[in-house]
Amino acid sequence: MKLIVLGCGTSTGVPRVGNDWGACDPDNPKNRRTRVSIMVESALGKRLLVDTSTDLRQQLLANDIEAIDGVFWTHDHADHCHGIDDLRPLRFGRSAAIPGFASKYTAQRLRKRFDYVFAGQYGYPTIVDLEELGTKHMHAGFGLEWMEMPHGPITTTAFRFDSDGKSIGYATDFSELTDEMVDFFTDIDILVTDCLRRQPHPTHAHLGMALEFAERTNAGITVLSHLDKSMDFEAVSSEIPSDVLVGYDGMKLEA
Numbered sequence: 069m070k071l072i073v074l075g076c077g078t079s080t081g082v083p084r085v086g087n088d089w090g091a092c093d094p095d096n097p098k099n100r101r102t103r104v105s106i107m108v109e110s111a112l113g114k115r116l117l118v119d120t121s122t123d124l125r126q127q128l129l130a131n132d133i134e135a136i137d138g139v140f141w142t143h144d145h146a147d148h149c150h151g152i153d154d155l156r157p158l159r160f161g162r163s164a165a166i167p168g169f170a171s172k173y174t175a176q177r178l179r180k181r182f183d184y185v186f187a188g189q190y191g192y193p194t195i196v197d198l199e200e201l202g203t204k205h206m207h208a209g210f211g212l213e214w215m216e217m218p219h220g221p222i223t224t225t226a227f228r229f230d231s232d233g234k235s236i237g238y239a240t241d242f243s244e245l246t247d248e249m250v251d252f253f254t255d256i257d258i259l260v261t262d263c264l265r266r267q268p269h270p271t272h273a274h275l276g277m278a279l280e281f282a283e284r285t286n287a288g289i290t291v292l293s294h295l296d297k298s299m300d301f302e303a304v305s306s307e308i309p310s311d312v313l314v315g316y317d318g319m320k321l322e323a
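The numbering used here puts the first residue of the sequence shown at 69, with every later residue one more than the last.
Dropping the structure here:
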């Protein structure tokens, strides 16, 4: 199974508007970060997208992706869903809408904001057939598990994808590391985790929390994501264990 990090930046990306790179070296292309989204791909070539980031069109073009077999949403914050219109070209040539999945609360919020995506409008077809996660545990040949994580005053959905005895987990936008999260991701092959900055934050994981997450879950490889402008690729890479990697746009790993 393959992981593709489509984007690994925080809600404003790196650099911020105004060409603000913060502590990140602008000469290192791994510091140029679009908003967070990943894709997992099976050995049979089936592809699942997690989140429709604000930079989705750019990410799909950069990674030569022209078809997916499903889309999953972690929550409805703008940087995770406002690229939803860029799913429209992926609908072209399909006999049916793209399967989509989200928690009950997130699905309600998405339907209210983007009703035309899920119901069609003015003669345009439905782009996504959105289902609440419910009891579904398989899709496109992937085993699927999920749980809710604290994200400040709300929750966000964590996902675990399994295929051919390998596993990839995605835990973005959480503010507390719970025992339930550790149990859920224990012994996972690849864990992608929220890691906004070095200092604690009220709604996101910081570096110390992300490293604790990696250690307690015994993850094979941990990838740091949702990084802000204080997290220079080379500087952070020099501070972390060898089985923890600083994510970058376009990163590809195999489990």
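A virtual CB, placed ideally from N, CA and C, is assigned to each residue, including glycine.
- Query: Can you tell which of Val108, Trp141, Thr142 and Phe229 has the C-alpha that lies nearest to the C-alpha of Asn51?
  - Reply: Outside the shown range of the chain, which is 69 to 323, sits residue 51, and nothing can be said about it.
Worksheet entry | Selected residue, minimal CA-CA separation from Leu321, among Val260, Ile308, Leu295 and Leu264 | Reading the sequence shown from its first residue, position 253 is the one you call residue 321. Checking every option, the nearest Cα to that of Leu321 belongs to Val260.
query: Do you know how far the Cα of Met217 is from the Cα of Gly315?
result: Taking the sequence shown and counting its residues from 1, the one referred to as residue 315 is at position 247. Taking the sequence shown and counting its residues from 1, the one referred to as residue 217 is at position 149. Roughly 21 Å separates the two Cα atoms.
- request: Have a look at Leu158 and Gly233 and give me their C-alpha separation to the nearest angstrom.
  value: For the purposes of this step, residue 158 is taken as residue 90 along the sequence shown, with counting starting at 1. For the purposes of this step, residue 233 is taken as residue 165 along the sequence shown, with counting starting at 1. For Leu158 and Gly233, the distance between alpha carbons rounds to 29 Å.
inquiry  = Less than 6 Å between C-beta atoms, sequence neighbours within five positions excluded: which residues of the same chain meet that for Ala287?
reply    = Against the sequence shown, residue 287 aligns to sequence position 219. Taken in chain order, the residues that qualify are Ile256 and Leu259.
query: Thinking C-beta only, is Asp147 closer than 8 Å to Arg179?
result: Locating residue 179 in the sequence shown gives position 111, where the first residue counts as 1. Locating residue 147 in the sequence shown gives position 79, where the first residue counts as 1. Not in contact: Arg179 and Asp147 (Cβ atoms no closer than 8 Å).
With a floor of 3 residues, list each beta strand (DSSP E) that falls wholly inside the segment 257-289, ordered by position along the chain.
258-262
Problem - Rounded distance between the beta-carbons of Phe229 and Ser235, thought under 8 Å - result: Locating residue 235 in the sequence shown gives position 167, where the first residue counts as 1. Locating residue 229 in the sequence shown gives position 161, where the first residue counts as 1. At roughly 7 Å, the Cβ-Cβ gap stays under 8 Å, so Ser235 and Phe229 are in contact.
Q.
Does Ser163 pass the burial test, meaning 16 or more other C-beta atoms within 10 Å, or should it be called exposed?
A. In the sequence shown, the residue the question calls residue 163 occupies position 95. Exposed: under 16 other Cβ atoms inside 10 Å.
Exercise for the section: State the DSSP-derived secondary structure class of Glu302, mapped to helix, strand or coil. Expected result: Mapped onto the sequence shown, residue 302 falls at position 234. Of the three classes helix, strand and coil, the one that applies to Glu302 here is helix, per DSSP.
Problem set entry | Local Cβ density within 10 Å of Gln189, reported as buried at 16 or more and exposed below that | Position 121 of the sequence shown, counted from the first residue, corresponds to residue 189. It counts as exposed.
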